[in-house]
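Peer 1: Numbering (my numbering), first residue to last: 2 to 421.
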Amino acid sequence: MKENRSSPPSDKPGPTPSPAKNPFFLKLVTILLFLFLLFQAYHKRHWFRHIPNKAPVKFTEKSTTAAPPLSVSSNKAGAKKGLLSLFRSEEKKKQGDIALLNDRLDSLFREFNIQKIVPKRKPKTFPRMVTEEQISLPRGKPLPEYTLAISRAVVASGFIIADCIENNRDTSVVLEIARGTEGVRKMTLGYGARFQTGYARIAVVIEGFGLILDNNVHTFFSSVRLPLTLGIIPLTRYAESIADLARANGWELIGQIPMESFPYRYLGGNAIYKHFNATQVEKLLSACDENLPALAGYAIFGNGVRIVENEPDILRFVLQFAKIRKRYFLDNSFAQHSRVADIAAGLNVPLFAPLVQPDRFSNPESRHTALVNQINQIRRTGSGLLLLQTGDDLLSTLEEARRLIEKYDIKPVTLSTLLL
Numbered sequence: 002m003k004e005n006r007s008s009p010p011s012d013k014p015g016p017t018p019s020p021a022k023n024p025f026f027l028k029l030v031t032i033l034l035f036l037f038l039l040f041q042a043y044h045k046r047h048w049f050r051h052i053p054n055k056a057p058v059k060f061t062e063k064s065t066t067a068a069p070p071l072s073v074s075s076n077k078a079g080a081k082k083g084l085l086s087l088f089r090s091e092e093k094k095k096q097g098d099i100a101l102l103n104d105r106l107d108s109l110f111r112e113f114n115i116q117k118i119v120p121k122r123k124p125k126t127f128p129r130m131v132t133e134e135q136i137s138l139p140r141g142k143p144l145p146e147y148t149l150a151i152s153r154a155v156v157a158s159g160f161i162i163a164d165c166i167e168n169n170r171d172t173s174v175v176l177e178i179a180r181g182t183e184g185v186r187k188m189t190l191g192y193g194a195r196f197q198t199g200y201a202r203i204a205v206v207i208e209g210f211g212l213i214l215d216n217n218v219h220t221f222f223s224s225v226r227l228p229l230t231l232g233i234i235p236l237t238r239y240a241e242s243i244a245d246l247a248r249a250n251g252w253e254l255i256g257q258i259p260m261e262s263f264p265y266r267y268l269g270g271n272a273i274y275k276h277f278n279a280t281q282v283e284k285l286l287s288a289c290d291e292n293l294p295a296l297a298g299y300a301i302f303g304n305g306v307r308i309v310e311n312e313p314d315i316l317r318f319v320l321q322f323a324k325i326r327k328r329y330f331l332d333n334s335f336a337q338h339s340r341v342a343d344i345a346a347g348l349n350v351p352l353f354a355p356l357v358q359p360d361r362f363s364n365p366e367s368r369h370t371a372l373v374n375q376i377n378q379i380r381r382t383g384s385g386l387l388l389l390q391t392g393d394d395l396l397s398t399l400e401e402a403r404r405l406i407e408k409y410d411i412k413p414v415t416l417s418t419l420l421l
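#1: Beta-carbon within less than 6 Å of residue 411's beta-carbon, same chain only, minus the 5 sequence neighbours each way: which residues are those?
#2: What does the Cβ neighbour count give for residue 257, buried or exposed, with the cut at 16 atoms within 10 Å?
#3: Within 10 angstroms of its Cβ, does residue 329 collect 16 or more other Cβ (buried), or is it exposed?
#4: With a threshold of 8 Å (Cβ to nearest heavy atom), would residue 232 be considered close to the ligand ADP?
#5: Could you check where the alpha helix (DSSP H) with residue 281 kicks off and where it finishes?
#6: Taking its Cβ as the centre, do 16 or more other Cβ atoms sit within 10 Å of residue 344, making it buried, or is it exposed?
#7: Can you say whether residue 66 is buried or exposed, counting buried as having 16 or more other CB atoms within 10 angstroms of its CB?
#8: Mind the definition here: the region 154-167 touches the region 213-227 only if three or more C-beta pairs lie below 8 Å; say whether that holds.
#9: Roughly how many angstroms lie between the CA atoms of residue 139 and residue 116, to the nearest whole one?
#10: Using the three-state DSSP reduction, which class does residue 347 fall into: helix, strand or coil?
#11: Would you mind working out which of 407, 178 and 371 sits nearest residue 163, comparing C-alpha positions?
#12: Less than 6 Å between C-beta atoms, sequence neighbours within five positions excluded: which residues of the same chain meet that for residue 358?
#13: My assumption, with CB atoms under 8 Å, is that residue 355 sits in contact with residue 386. Please give the rounded CB distance.
#14: Determine the DSSP secondary structure at residue 164, reduced to helix, strand or coil.
#15: What is the rounded straight-line gap between the Cα of residue 289 and the Cα of residue 181?
#16: Reducing DSSP to helix, strand and coil, say where residue 307 ends up.
#17: Restricting to Cα atoms, I'd like to know which of 369, 279, 136 and 238 is closest to residue 315.
#18: Please say whether residue 310 and residue 336 have beta carbons closer to each other than 9 Å?
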């Protein structure tokens, strides 16, 4: 028989491993040591930062004692006081800007006899302070004139117009005034939904005369019995003949100056181009005045986008000439970024800027809708102009406008009468 050499399990415990060879224990000791060293380093850094600076000792002939250094607490108090004064001055500066804006708007409202109605709702405090106001405009002046006057006062006070929303249906404009992302003020300018009966005035302006003189033109002058304002292109073949017919009917005349709209397109010798200087502009306008004397104002033939949007110097020459001759200007370019309004306001030149031209629509239904909306807007505002152009549909559109004018008891006048 084989001998079983396997020893039975003993009851004595074996040797235990040392803690130094335990990996968990080594990691724990390493972490604690790292935290201890980090604490010591931060403590020494904090201690060195708070050592007071000693004032340098000056050696002079007389024995003097140096002034004690300022304590750390006094330095902190002085810095804190300086920061508080800086913040207070910034706060006063902001309050001064807002007060300046309020003063200018209040004086403007008193000048135009505008009533301000503040609703009882609380202003929004997040994300920006919004103060909503309802501005009731007096009737008799067009809405763009009020809007431009308020915009100039806002910009002069250091603020900006963050947003401008027009609503032609109820004849209102919403202006959002802001400076950066704070101090927002929302103003709704409008006349209200009430129509004026027997008070509103309308100026019917027809542009584009002077290029042709046929039987339709003679029929137009013999059949229309409204006080009209005609835009005639000076220095054209039939300009003087049409001006004589208009004066015989007692109508007002506007000199329509062709202005460059597309690059390198020749418009004739009676046009203003982008490369013109002050002498060339004055020479051309003087020739237009000799061709059509007794003009009431000037306007643009074509849209003249390259001039009204990109050449403020040429516009300034034209408007200065109009100011010298005491004439108004009609901005009929419908350019999106026209600079005529700003320059005319700086030179104090009377300006008219129509918002829409109904007969530009080829669809008769769209043309009728635009015409009705324009008449209703004039009834709300109390005054306005209706801009039409020569063409095959002129007599029918003018007859429809005449029926609406008589239906709503609107007084037709010339364009210069709206300035009175």
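Quick reminder that beta carbons are idealized off the backbone N, C-alpha and C, glycines included.
Peer 2: Looking at the coordinates:
#1: 201 and 203
#2: Label assigned to residue 257: buried.
#3: buried
#4: In terms of ligand content, the structure shown is empty, and the ligand ADP therefore cannot be addressed.
#5: 279-292
#6: buried
#7: Confidence at residue 66 is low in this model, with a pLDDT of 44, below 50, so its placement is unreliable and no value can be given for it.
#8: no
#9: 8 Å
#10: helix
#11: 178
#12: 388
#13: Between residue 386 and residue 355 the Cβ distance is about 6 Å, and since that is below 8 Å, they are a contact.
#14: strand
#15: 47 Å
#16: helix
#17: 279
#18: Against a cut-off of 9 Å, the Cβ pair of residue 310 and residue 336 comes out as a contact.
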